[in-house]
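J.: Can you read through this structure? Questions will come right after.
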Amino acid sequence: MVHFTSSRHDERDSPILDPSASSVTGVSDIDDSVNGSEKHVRDESRADSRSSRKKKRRRAKDGGISEINGHSSSSKRRHSISKAARDPRDEPSKRKRKREAKVSGVDTRSPSPVIDFDGLSRPSRGTRERLEESTEQAAERLEKMRGAVRTILECVGEDPDREGILDTPTRYAKAMLYFTKGYQQNVRDIVNNAIFHENHNEMVIVKDIEIFSLCEHHLVPFTGKMHIGYIPNNNVIGISKLPRIAELFARRLQVQERLTREVSNAIMEVLKPQGVAVVMESSHLCMVMRGVQKTTATTITSCVLGCFERKEKTRNEFFSLIGLNGSAR
Ligand SMILES: [Zn+2]
Numbered sequence: 001m002v003h004f005t006s007s008r009h010d011e012r013d014s015p016i017l018d019p020s021a022s023s024v025t026g027v028s029d030i031d032d033s034v035n036g037s038e039k040h041v042r043d044e045s046r047a048d049s050r051s052s053r054k055k056k057r058r059r060a061k062d063g064g065i066s067e068i069n070g071h072s073s074s075s076k077r078r079h080s081i082s083k084a085a086r087d088p089r090d091e092p093s094k095r096k097r098k099r100e101a102k103v104s105g106v107d108t109r110s111p112s113p114v115i116d117f118d119g120l121s122r123p124s125r126g127t128r129e130r131l132e133e134s135t136e137q138a139a140e141r142l143e144k145m146r147g148a149v150r151t152i153l154e155c156v157g158e159d160p161d162r163e164g165i166l167d168t169p170t171r172y173a174k175a176m177l178y179f180t181k182g183y184q185q186n187v188r189d190i191v192n193n194a195i196f197h198e199n200h201n202e203m204v205i206v207k208d209i210e211i212f213s214l215c216e217h218h219l220v221p222f223t224g225k226m227h228i229g230y231i232p233n234n235n236v237i238g239i240s241k242l243p244r245i246a247e248l249f250a251r252r253l254q255v256q257e258r259l260t261r262e263v264s265n266a267i268m269e270v271l272k273p274q275g276v277a278v279v280m281e282s283s284h285l286c287m288v289m290r291g292v293q294k295t296t297a298t299t300i301t302s303c304v305l306g307c308f309e310r311k312e313k314t315r316n317e318f319f320s321l322i323g324l325n326g327s328a329r
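Below you can see the structure in the form of structure tokens.
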């Protein structure tokens, strides 16, 4: 679920794009050129469907070869933008798969789309590479980044050899590696046996976890607060681990929707509670400093799993405890 209190973030691939939401905020009309070009593409495809008669004739001639590059695959596309474009890996895991995991008890491929079999989190092709690199490889990585930053400095019209910014490439490269240190972290190392048997089956909430993340579309920060709640299933997790799990996923290139979902799924997977609810409110600098320049806009995303998803009462209790009106879901 995504809620926009006054404006929406301009992620063009936002999987939860709801036409009613954009018409309410009206942001789509004043969005940046990225969305404009997308609109153009959509218009083109409409024009194509108009010439479908021509296409049919062509198909008859070439035995359907044009279907591959043509638009006949549109029948497989979702018919409405009100339906979320879902990655199949994001679908909630089936009961059957849960039972399988319980039986095996060994390291198998994780049932969630978030944590891989080795405890590293997807998607991050370079994760293992970065985690296991030698000192020389690390130096090489830093040098490559320094070069890239130097190029940026030149491109913005600076003199990269000016005294004040002489060390900026090195500083920025190091800062960037810090901002993305989540790529080197393993969920299992973080949890590190801090799961305790406890017959406490009431809601546990950690509120106002500060989040600093980078928007993957602009490499610009988005910052805010995350609230995590769960209902134990005879096991509780060390309370400090929840912010650390949030930090792991925040210190990667993100979109807020995915960050919320990944934290939720990861807790569900490592703890197997009755349910997890994660809400995040944040401000995106890519929206504040550029684009629509809505300085007071807050983007709220939530992901509820298990009993929070099934029971409205539980969900509302969580929303009211973190200070969000339950009806504003
Ligand atoms: Zn952005």
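Residues 1 to 329 in UniProt numbering are what the sequence shown spells out, letter by letter. Where is the CB? At the ideal position from N, CA and C, for every residue including glycine. The model shown is predicted, which means the values in this text are computed figures rather than measured ones.
For a test of the three-state rule: what should DSSP assign to lysine 313, helix, strand or coil?
T.: The answer is helix: DSSP assigns lysine 313 an H, G or I state.
J.: Any idea if alanine 138 is buried or exposed, counting beta-carbon neighbours within 10 angstroms, 16 or more meaning buried?
T.: exposed
J.: Am I right that arginine 251 and lysine 313 are in contact with their C-beta atoms under 8 angstroms? What's the rounded C-beta distance?
T.: The beta carbons of arginine 251 and lysine 313 sit about 35 angstroms from each other, so the pair does not count as a contact at 8 angstroms.
J.: May I have the straight-line CA-CA distance separating lysine 207 from lysine 294, to the nearest angstrom?
T.: 26 angstroms
J.: Does DSSP put aspartate 167 in a helix, in a strand, or in coil?
T.: DSSP, reduced to helix, strand and coil, places aspartate 167 outside both helices and strands of the structure shown, so it counts as coil.
J.: Using the rule of at least 16 other Cβ atoms within 10 Å of the residue's Cβ for burial, across every protein chain shown, is residue 330 buried or exposed?
T.: Any question about residue 330 goes unanswered here, given that the chain covers just 1 to 329.
J.: For glycine 224, which residues from the same chain have a beta carbon less than 7 angstroms from its beta carbon, with the 5 sequence-adjacent residues on both sides left out?
T.: Cβ contact annotation for glycine 224 (same chain, cutoff 7 angstroms, sequence separation greater than five): Ile211, Met280, Glu281, Ser282, Ser283, in chain order.
J.: How far does the beta strand (DSSP E) with serine 213 in it extend, from its first residue to its last?
T.: 204–215
J.: From the DSSP output, read off the bridge partner residues of glutamine 254.
T.: Cys215
J.: Note down, in chain order, each residue of its chain lying with its Cβ closer than 7 angstroms to the Cβ of isoleucine 165, except the 5 sequence neighbours on either side.
T.: Leu153, Glu158
J.: What are the start and end residues of the alpha helix (DSSP H) that includes leucine 305?
T.: Here leucine 305 belongs to no alpha helix (DSSP H); instead the beta strand (DSSP E) covers 299–306.
J.: Run through DSSP, which three-state label would proline 243 get?
T.: Proline 243: helix per DSSP, three-state reduction.
J.: Would you kindly report the start and end of the unbroken alpha helix (DSSP H) that includes alanine 138?
T.: 135–155
J.: Tell me which residues pass a beta-carbon proximity test against ligand 1: closer than 5 angstroms to any heavy atom, given in chain order.
T.: Matched residues: Cys215, His217, His218, Cys286.
J.: With H, G and I counted as helix, E and B as strand and the rest as coil, what does DSSP make of methionine 226?
T.: strand
J.: Compare the beta carbon distance of phenylalanine 318 and glycine 229 with 9 angstroms and say whether it is the shorter of the two.
T.: Glycine 229 is positioned such that its CB atom lies closer than 9 angstroms to that of phenylalanine 318.
J.: By Cβ distance, which residues of its chain are closer than 6 angstroms to leucine 253, with the 5 residues on each side in sequence left out?
T.: Only Leu214, Glu216 meet the Cβ criterion.
J.: Quick one: what does DSSP say isoleucine 267 is sitting in, helix, strand or coil?
T.: helix
J.: Any idea which residues DSSP pairs serine 283 with across the strands?
T.: Thr223
J.: Consult DSSP for alanine 173 and reduce its assignment to one of helix, strand or coil.
T.: helix
J.: Let me check one thing: in DSSP terms, what residues is valine 191 bridge-paired to?
T.: DSSP, once it has assigned bridges, lists no residue as partnering valine 191.
J.: According to DSSP, histidine 197 sits in a beta bridge with which residue or residues?
T.: BP columns for histidine 197 point to Asn235.
J.: Out of Thr151, Ile245, Thr301, state which residue places its alpha-carbon closest to the alpha-carbon of isoleucine 190.
T.: Ile245
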